[in-house]
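Read through the structure below, which is laid out as structure tokens, and then see the notes.
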Amino acid sequence: MVLKIKNIDYKDWSSSWKSSKNSRKQRKYIINAPLHIRGKIISSMLSKDIKNLIKINSLPLRVGDYVKVLRGKYRNTEGFVIYIDRKRYKVYIDNVKFTNKANREVYRPIHSSKLLILRLNLKDKKRIEIIKRKMKAKNIEENKIEELVNQLVNNFSVKEDELAKVTELNKKFK
47 MVLKIKNIDY
57 KDWSSSWKSS
67 KNSRKQRKYI
77 INAPLHIRGK
87 IISSMLSKDI
97 KNLIKINSLP
107 LRVGDYVKVL
117 RGKYRNTEGF
127 VIYIDRKRYK
137 VYIDNVKFTN
147 KANREVYRPI
157 HSSKLLILRL
167 NLKDKKRIEI
177 IKRKMKAKNI
187 EENKIEELVN
197 QLVNNFSVKE
207 DELAKVTELN
217 KKFK
């Protein structure tokens, strides 16, 4: 589904549309959402190992996350997120490519709901704070949160050399 974005005035957008049961208003919320809200909407499930560790089901995607495609032609393909297109709600992965008519390799856009996060980019401290806040909402003790976050960083974070390759691809992508 391609979302045509024409003449959007973000002043007319309202967060109250989110709570509506009317599907037309739900679509209106998604299509007319400003970019900072779209970043929160572009989220994916976490793998079972991460989910069992931190008791969170999903997180917004970031460049550098290691993901697995769950649906479509590229099912079971794993790779790093190299670019997130917030206008079209699409994610680009380094191993998901096709050859176009001009014989050039092009990245295939994939919707974030079709992805599973296997390893997280935890270089950003704000993301760790978001994870802690979500864990606190699940009524997990404060000292246990620190211990679980340390386990998460040690076992399920992307390595520095891999992140360097991803940032290189991200610069080329733009």
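So the sequence shown is numbered by the working numbering: it starts at 47 and just counts up by one. Just so you know, even glycine gets a beta-carbon here, dropped at the ideal spot from N, CA and C. Predicted, not measured: the structure shown is a model, and the values here were computed from it.
Excluding the 5 residues flanking it on each side, W59 has same chain C-beta neighbours closer than 7 Å at N78, A79 and P80, in chain order.
Linking I88 to K101 through their CA atoms gives a straight-line distance of about 20 Å. In the DSSP assignment, T145 falls within the unbroken beta strand (DSSP E) covering K136 to T145. With respect to S203, R173 sits apart: the two C-beta atoms are not nearer than 8 Å. For the options L99, K147, Y129 and K119, the alpha carbon positioned closest to that of L107 is the one of Y129. With fewer than 16 other beta carbons inside 10 angstroms of its own, S66 counts as exposed.
Taking 8 Å as the cut-off, the beta carbon of F144 is found closer than this to the beta carbon of V152. Under the three-state reduction of DSSP, L209 is assigned to helix. Between G110 and L209 the beta-carbon gap is near 5 Å, inside 8 Å, which marks them as a contact. Runs of the beta strand (DSSP E) spanning 3 or more residues and lying entirely within the segment 150 to 204 occur at 151 to 157 and 161 to 165, in chain order. The continuous beta strand (DSSP E) containing G125 extends over residues E124 to D131. Secondary structure of K101 (DSSP, three-state): coil.
Rounded to whole angstroms, the gap between the alpha carbons of K205 and Q197 is 15 Å. Taken atom to atom, the span from the alpha-carbon of S158 to that of R134 is near 11 Å. For L81, the enclosing alpha helix (DSSP H) starts and ends at L81 to I87. For L92, the beta-bridge partners assigned by DSSP are I163.
In this structure, the CA atom of K171 is about 24 Å from the CA atom of K114. The beta-carbon separation of I163 and L92, rounded to 5 Å, stays under the 8 Å limit for a contact.
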